[in-house]
Amino acid sequence: MSKITYDTDKGGYQRKVIIKSVLIYIVLVILTIICLAPLWILFVSSTLESSQTSKFTLIPGSYFFKNYKTLTTDETFSKSYLPWYGLRNSLIIAGCCAALTVFFAALTAYGLVVYDFKLKTPAFVFIIAVMMIPTQVTAVGFISLMEKFHLQGKYALLILPSIAPPAVVFFMRQYLLSSFPLDIIEASRIDGASEFRTFLTISIPMMKPAFAVQAIFAFISKWNDYYTQSLVLAVGSDVKKQTLPIMVNSVSSVRNQIDHGAVNFAIFFSIIPVALVYILLSRFIIGGVAAGGVKE
Amino acid sequence: MSYAKYGYIFILPFFVIYFIFMLYPLVDTFIVSFKGNGLGPGVIARHESQRDWVGLASYKNILYKSGANHEQFLDSLKNTVIIWVGNFLPQISLSLLLAVWFTDMRVKMPGKGFFKVVMYLPNIITAASVAALFYTLFGGEYGVLNTIIDPKNASLWLGPADVWRARILVMFIQIWMWFGNTMIMLMSGIQGINESLFEAAEIDGANSSQTFWRITFPLLKTIMVYTLLTSMIGGLQMFDIPFMLSGNNNGHVNNEYIKTVACFIYEKFKGTENDMMYGVAGAASVILFFITSILGALVFYVQRDKDAIEKNRKRKEAMKEAKRRAKGGGFSI
Chain F
3 MSKITYDTDK GGYQRKVIIK SVLIYIVLVI LTIICLAPLW ILFVSSTLES
53 SQTSKFTLIP GSYFFKNYKT LTTDETFSKS YLPWYGLRNS LIIAGCCAAL
103 TVFFAALTAY GLVVYDFKLK TPAFVFIIAV MMIPTQVTAV GFISLMEKFH
153 LQGKYALLIL PSIAPPAVVF FMRQYLLSSF PLDIIEASRI DGASEFRTFL
203 TISIPMMKPA FAVQAIFAFI SKWNDYYTQS LVLAVGSDVK KQTLPIMVNS
253 VSSVRNQIDH GAVNFAIFFS IIPVALVYIL LSRFIIGGVA AGGVKE
Chain Z
5 MSYAKYGYIF ILPFFVIYFI FMLYPLVDTF IVSFKGNGLG PGVIARHESQ
55 RDWVGLASYK NILYKSGANH EQFLDSLKNT VIIWVGNFLP QISLSLLLAV
105 WFTDMRVKMP GKGFFKVVMY LPNIITAASV AALFYTLFGG EYGVLNTIID
155 PKNASLWLGP ADVWRARILV MFIQIWMWFG NTMIMLMSGI QGINESLFEA
205 AEIDGANSSQ TFWRITFPLL KTIMVYTLLT SMIGGLQMFD IPFMLSGNNN
255 GHVNNEYIKT VACFIYEKFK GTENDMMYGV AGAASVILFF ITSILGALVF
305 YVQRDKDAIE KNRKRKEAMK EAKRRAKGGG FSI
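The listed protein sequences derive, respectively, from chains F and Z. Quick note on numbering: the first sequence equals residues 3 to 298 in our numbering. Quick note on numbering: the second sequence equals residues 5 to 337 in our numbering.
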């Protein structure tokens with residue numbers, strides 16, 4: 003149908019479309035450069051010798067491995083940045099949080115969708131109401147809780163709260179409501195399966211897509227969570243127990259006294275894991291953001 | 005057989021953990037705000053039980069003109085608003101423009117997926133690393149880029165006296181980190197618009213800008229307001245970038261011009277022993293909580309399902325009508 007309309011002025015219309023496409027392309031290329039340039043510059047500066055780092059260059063040097071060596075052997079660094087410990091600790095915390103978040107969010111959402119009980123609606127309203135409360139406003143009470151029960155430096159304080167993620171419960175509930183056939187539960191009951199078993203063996207496999215997206219987001223957001231981690235694993239505490247964001251911050255706040263190339267390597271090292279996760283899973287991640295599954 | 009008890013069992017872990025780790029700290033924050041700062045003559049009372057009740061003193065401290073921390077709090081609020089506005093307006097314009105381009109069927113664009121992936125990339129990188137990275141580029145005399153942009157004043161960047169360059173840098177980083185996210189959200193909003201509307205507009209001979217202002221923009225209003233409000237809530241909590249960019253030491257922000265409310269609170273309860281003030285931190289948190297709650301309530305108001313509410317209202321009316329009829333006559337009340 004539309005072809006007929008264009009036929010009268012096809013040449014002009016085509017030309018307009020091409021010009022517009024070219025202009026859009028130029029803008030997109032510029033934005034791509036802006037997005038990637040800082041990361042490239044960071045990579046380059048992690049390959050330079052300390053004395054060269056204040057000069058601007060886009061060509062990598064040959065100090066990459068030497069900087070790594072300085073970072074891992076120099077004593078000034080071992081007080082604030084231990085790359086492999088940081089990596090391990092961040093992995094433990096983010097991994098546990100992601101697993102707990104998706105499992106318990108699914109459990110809670112399943113409870114809210116499948117069963118009928120008196121407090122069902124109030125419970126759901128409560129979850130919606132607290133969804134927007136940010137961690138920052140409860141930090142004072144959080145610190146007080148930590149000090150009262152002597153939980154400073156304990157990973158439990160960082161990991162356990164992941165059992166109660168309101169936003170993820172909300173998302174999982176929507177997912178269940180839209181794509182989970184409730185009849186299947188009845189069938190499973192007739193077959194004699196217990197309620198919990200039904201949840202584990204029937205609903206979890208059916209929720210795989212939601213699990214994947216939410217686990218990725220939980221992992222990334224916990225990996226990046228400097229704020230809460232800085233409350234529990236404060237500066238001055240045992241370096242071997244700290245996570246990468248804490249280490250990056252402490253190493254960059256004493257940067258003026260130490261090897262710049264190695265500091266840059268330290269920062270670069272800290273972004274490799276998330277960047278890898280992102281490159282491998284970008285399709286899921288972009289799809290998840292579009293579905294409104296992300297809450298930061 | 006009733007399955008109701010399983011409902012309670014399944015949702016129990018969530019609520020137990022929520023009450024311990026989030027609700028209790030929230031309530032405790034309110035309590036702390038009515039207690040003292042923990043600073044006596046020569047004593048620092050870290051423990052809540054050691055601090056006296058002081059009523060509204062902490063609120064007066066930050067809200068009244070005579071209060072010791074009034075100016076600091078007001079400045080941090082001002083910084084937060086300035087940085088948020090300077091980040092949100094360019095960000096939403098850029099994201100909207102990109103979202104329209106990406107969803108425009110008429111524009112041929114190979115590699116769309118690649119651009120989306122690249123533009124979302126900055127959002128997933130740890131803010132601590134982003135701050136450290138930008139500090140490497142612009143911080144003081146060691147910055148790589150500031151020595152090129154402004155060689156004469158290179159050493160002043162991000163220093164204690166640097167006002168606008170520091171603020172603009174924070175705004176820029178916030179835009180850099182978030183425009184991809186906003187763009188994808190707006191794109192899914194545009195894709196939700198009934199396609200036949202765009203087709204009809206095309207047949208009627210509407211050009212791109214007419215289509216945008218008459219169709220896309222009005223129909224995106226809800227999602228734009230949602231973006232605005234959630235961005236405001238996020239903006240009020242802005243912490244990582246300004247805190248770490250100013251070369252903090254011991255929980256202190258060196259540059260006063262990018263010190264946000266969240267930084268102010270953090271400084272008050274985590275700062276050096278001398279200026280630790282639990283009460284003030286608590287009071288500021290409570291104020292922040294109420295502002296956020298109002299914004300959050302607005303989000304739900306905007307997103308409410310108008311059709312469902314209308315249906316509900318009609319159903320109630322019908323029920324009233326039926327009752328009235330049942331009472332007899334239907335004329336008297």
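Don't be surprised by glycine CBs; every beta carbon is placed ideally from N, CA and C.
Asked, Found
"Within-9 Å CB hit, residue 293 of chain F to chain Z", "yes"
"Proximal chain F residues relative to residue 60 of chain Z, where beta-carbon distance stays under 8 Å", "Within chain F, no residue comes near residue 60 of chain Z; the closest Cβ sits about 17 Å away, beyond 8 Å."
"Residue 14 of chain F at chain Z interface by Cβ criterion, 9 Å", "no"
"Nearest-angstrom Cα separation, counted from residue 104 of chain F out to residue 98 of chain Z", "34 Å"
"Residue 171 of chain Z to residue 138 of chain Z span [Cα, whole Å]", "13 Å"
"Whole-angstrom distance between residue 123 of chain F and residue 10 of chain Z, CA atom to CA atom", "15 Å"
"Under 9 Å (Cβ pairs) to chain Z, residues found in the segment 151-180 of chain F", "159, 162, 163, 164, 165, 166, 167, 168 and 171"
"Neighbour-count burial assignment, residue 197 of chain F, 16 or more Cβ in a 10 Å radius", "buried"
"Cβ-Cβ distance between residue 212 of chain F and residue 172 of chain F below 9 Å", "no"
"Contact set for residue 165 of chain F: own chain, Cβ-Cβ below 6 Å, skip 5 residues either direction", "102 and 106"
"Chain Z contact for residue 138 of chain F (CB, 9 Å cutoff)", "yes"
"Whole-angstrom C-beta distance between residue 244 of chain Z and residue 131 of chain Z, which should lie under 8 Å", "4 Å"
"Cα-Cα separation, residue 292 of chain F to residue 328 of chain Z", "49 Å"
"Cβ-Cβ distance between residue 262 of chain F and residue 64 of chain F below 9 Å", "no"
"Pick from F:167, F:227 and F:143 that is closest to residue 274 of chain Z, judged by C-alpha positions", "F:143"
"Run of the alpha helix (DSSP H) containing residue 152 of chain F, from where it starts to where it stops", "Element bounds for residue 152 of chain F: n/a, residue is neither H nor E."
"Cα-Cα separation between residue 281 of chain F and residue 290 of chain F, rounded to whole angstroms", "15 Å"
"Alpha helix (DSSP H) runs contained entirely in the segment 248-307 of chain Z, provided each spans 4 or more residues", "265-274 and 282-307"
"Simplified DSSP assignment, three categories, for residue 57 of chain F", "coil"
"Proximity below 9 Å, CB of residue 3 of chain Z to CB of residue 266 of chain F", "Summary: the structure shown does not reach residue 3 of chain Z, with chain Z confined to residues 5 through 337, and so no result is reported for it."
"Close beta carbons around residue 130 of chain F, own chain, < 7 Å, minus the five adjacent residues each side", "172"
"Interface residues of the segment 152-183 of chain Z facing chain F [CB-CB below 8 Å]", "152 and 180"
"Three-state class that DSSP yields for residue 39 of chain Z in the structure shown", "strand"
"Coil, strand or helix - residue 57 of chain Z by DSSP", "strand"
"Segment contact flag, the segment 86-95 of chain Z with the segment 230-240 of chain Z, C-beta cutoff 8 Å, min 3 pairs", "yes"
"Chain-order list of residues whose beta-carbon lies under 6 Å from that of residue 40 of chain Z (same chain, five-residue window excluded)", "55, 56, 58 and 283"
"Integer Cβ distance of residue 200 of chain F from residue 187 of chain F, believed to fall under 8 Å", "6 Å"
"Of the listed residues F:81, F:179 and F:98, nearest to residue 157 of chain F (C-alpha basis)", "F:98"
"Residue 62 of chain F (DSSP reduced to helix, strand or coil)", "coil"
"Enclosing alpha helix (DSSP H) for residue 310 of chain Z [first to last residue]", "310-331"
"Neighbour flag for residue 305 of chain Z against chain F, beta carbons, 9 Å", "no"
"Residue 123 of chain Z classed as buried or exposed, judged by whether at least 16 other C-beta atoms fall within 10 angstroms", "buried"
"Minimum Cβ-Cβ distance from residue 132 of chain Z to chain F less than 9 Å", "yes"
"Alpha carbon of residue 311 of chain Z to alpha carbon of residue 61 of chain Z, nearest angstrom", "47 Å"
"Among Z:105, Z:18, Z:12 and Z:264, the one whose alpha carbon lies nearest that of residue 28 of chain F", "Z:105"
"Alpha-carbon to alpha-carbon, residue 286 of chain F and residue 213 of chain Z", "32 Å"
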